[in-house]
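Undergrad: Would you mind keeping the following structure in view while I ask a few things?
Residue numbers (our numbering): 1 to 266.
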């Protein structure tokens, strides 16, 4: 009796798949070993540094809670940086997202240019933008706003474009069939479908920007991060502990507010 072709090659095919998986695992293992070697990962170094870590932590306790009133203004400034950074990012990301959506862009050249701009904005981190703008406009919260705005615009623009590309084309085609112009198609055919996603993306980005704004203070871009790096440079570790507690509380409150807004919108 003749055997079906798939039964004849079954063992050979299984062996090939097994070999393929082994090679993939070997490649992944090699990448991890190579990365560990390049980054000088060492359990021994961690163990040797353990007493220094404990010493550093011991200097942070008890926290100096008397400086809490002085941290109110920098904390508010951090939130303000995140609000304006996110707002400017949204304003910049909307047109870029529309142009970067393959199903909506008016021309392939504009699509390519928008994609390149979004990639460039995402490729440069907030810290690098922060350093650039601190050098350009000086210390303070304004360079922090600009840094968050540009990097966040790259991220949000990409999310917007992907959301637009996944819409139901039916309403858009119906509007186009009635002779509606491009702006009407966007307002009545696209926006109602993507608005909940856009709001969710914006809120997530605002949460991220509150955390990022604290880090930008380390390069002089305002906010509570500036107080954090100052306390560490002056070896006031009890102050550092209090600042970290305020940052933790701020991030927790912002995350809670954002989640409540998302649950209400969605």
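In this text, a Cβ means the ideal position worked out from N, Cα and C, and glycines have one as well.
These figures come from a predicted structure and were not determined experimentally.
Just checking my contact of residue 78 with residue 221 at CB under 8 Å: how many whole Å lie between their CB atoms?
TA: As a working mapping, residue 78 is identified with position 78 in the chain shown. As a working mapping, residue 221 is identified with position 221 in the chain shown. At roughly 10 Å, the Cβ-Cβ gap does not stay under 8 Å, so residue 78 and residue 221 are not in contact.
Undergrad: Would you please state the rounded distance, in angstroms, between the beta carbons of residue 219 and residue 131? I believe it to be under 8 Å.
TA: In the chain shown, counting from the first residue as 1, residue 219 sits at position 219. In the chain shown, counting from the first residue as 1, residue 131 sits at position 131. About 5 Å; that satisfies the 8 Å criterion.
Undergrad: Under 8 Å, do residue 188 and residue 97 count as touching if we go by C-beta distance?
TA: Taking the chain shown and counting its residues from 1, one reaches residue 188 at position 188. Taking the chain shown and counting its residues from 1, one reaches residue 97 at position 97. No. Outside cutoff.
Undergrad: In chain order, what residues of the same chain lie with their CB nearer than 8 Å to the CB of residue 56, ignoring the 5 residues before and after it?
TA: To locate residue 56, count along the chain shown from 1; it is residue 56. Only 237 meet the Cβ criterion.
Undergrad: Would you decide whether residue 26 is buried or exposed? Buried here means 16 or more other CB atoms lie within 10 Å of its CB.
TA: Start at 1 with the first residue of the chain shown, and residue 26 comes out as number 26. When all chains shown are included, residue 26 counts as exposed.
Undergrad: Excluding the 5 residues preceding and the 5 following residue 118 in the sequence, name in chain order all residues of the same chain whose CB lies nearer than 7 Å to its CB.
TA: As a first step, residue 118 must be located in the chain shown, where it is residue number 118. The residues are 96, 100, 154, 157 and 158.
Undergrad: So, at 8 Å on beta carbons, what are the nonlocal neighbours of residue 245 in its own chain, with the 5 sequence-adjacent residues on each side left out?
TA: The sequence position of residue 245 within the chain shown is 245, counting from 1. Hits under 8 Å: 63.
Undergrad: Let me make sure I understand the geometry here. Which of 124, 144 and 125 has the alpha-carbon closest to that of residue 133?
TA: Taking the first residue of the chain shown as position 1, residue 133 is located at position 133. Checking every option, the nearest Cα to that of residue 133 belongs to 144.
Undergrad: Is the stretch 172-186 close to the stretch 58-75, with three or more CB pairs under 8 Å?
TA: With a cut-off of 8 Å, the stretch 58-75 and the stretch 172-186 do not count as touching, because too few Cβ pairs lie within range.
Undergrad: Using a Cβ-Cβ cutoff of less than 8 Å, which residues in the same chain neighbour residue 211 once the five nearest sequence positions on both sides are dropped?
TA: Here the question's residue 211 lines up with position 211 in the chain shown. If we look at residue 211 and ignore the five residues flanking it on each side, its Cβ neighbours are 251.
Undergrad: Within the stretch 119-194, note down every full alpha helix (DSSP H) run reaching 4 residues or more, in order along the chain.
TA: For the stretch 119-194, whole alpha helix (DSSP H) runs of length 4 or above, ordered along the chain, are 126-137, 141-165, 169-177 and 182-185.
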